[in-house]
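These notes concern the structure reproduced below.
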Amino acid sequence: MDELRNTPAPVAPAHAAPVTTPASAAAVPPSDTAGLPDATGIGGRTAISEQAVAKVAAIAARSVSGVYALGNTTGRALGAVRDAVGGSSATQGVHVEVGEREVAVDISLVAVYGTALTTVANNVRAAVYGAVEQLVGLRVVEVNVEINDVHLPAESADPGTKPVTGAKAV
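So for the sequence shown, this note's numbering puts the first residue at 62; every next one is plus one.
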């Protein structure tokens, strides 16, 4: 048993792939560094727009199996008009409130028929929470999920609806 205690831990070479952060570490809020020099020693302020946070949240929500589309019927119809005139609907169905160190996220979505709606909502909540905390660096105080419709396989796509790849009915 003493041999195991004296064995040094393996050290990954500097060129190795990045190590993923354990889930327990993800729960630790980012340190309060507002106005302090960062790791480079250079002081300054970092501002992250609501648009940037909303886009990260939208991408995370769309990645969840069982999500057909983000937004509601009206929002998706307006998205079709926006797409026709060259606008972007990347954050459709996502509303965020960004503070200096915290963010609250509201997601509105259409689920795929046959998937457990509470499971879809919980998976969206977890995906958005993880992505925003890891990629944006803000503490997520809440992720509210509203499932406002269920897409039936026989339904034709609404204007402006772009099905999420990987969404499968169970």
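Glycine included, each C-beta is placed from N, C-alpha and C at the ideal position.
Which same chain residues end up closer than 7 Å to residue i when comparing Cβ atoms and leaving out the 5 residues on each side of it in sequence?
i, result
"Ser124", "Ala188"
"Thr152", "Gln112, Ala115, Lys116, Ala119"
"Leu196", "Val117"
"Leu213", "Tyr174"
Tell me whether residue i sits in a helix, a strand or coil according to DSSP, three-state version.
i, result
"Glu158", "strand"
"Tyr190", "helix"
"Ile208", "strand"
"Ala215", "coil"
"Ala130", "strand"
"Val125", "coil"
"Ala108", "coil"
"Ala177", "coil"
"Ala172", "strand"
"Gln195", "helix"
"Ile120", "helix"
"Ala151", "coil"
Ordered along the chain, which non-local residues of its own chain (more than five positions away) have a Cβ less than 6 Å from that of residue i?
i, result
"Asp167", "His156, Asn205"
"Ala121", "Ala188, Val189, Ala192"
"Val211", "Ala172, Tyr174"
"Glu207", "Ser169"
"Val159", "Glu111, Val114"
"Leu178", "Ala172, Ile208"
"Gly105", "none"
Go through its chain and collect everything with a Cβ distance to residue i's Cβ below 8 Å, but skip five positions before and after it.
i, result
"Val201", "Glu163, Val164, Ala165, Val166, Val189, Tyr190, Val193, Glu194"
"Glu203", "Ala165, Val166"
Rounded to whole angstroms, what's the CA-CA distance from residue i to residue j? Just pull it up for me.
i, j, result
"Ala215", "Val173", "11 Å"
"Ile103", "Lys116", "28 Å"
"Thr107", "Ala118", "19 Å"
"Ala182", "Ala130", "13 Å"
"Asn209", "Val128", "11 Å"
"Glu161", "Gly154", "23 Å"
"Asn133", "Val185", "16 Å"
"Leu199", "Thr180", "25 Å"
"Ile109", "Thr101", "19 Å"
Look up residue i in the DSSP assignment and give the residues it is bridged to.
i, result
"Glu203", "Ala165"
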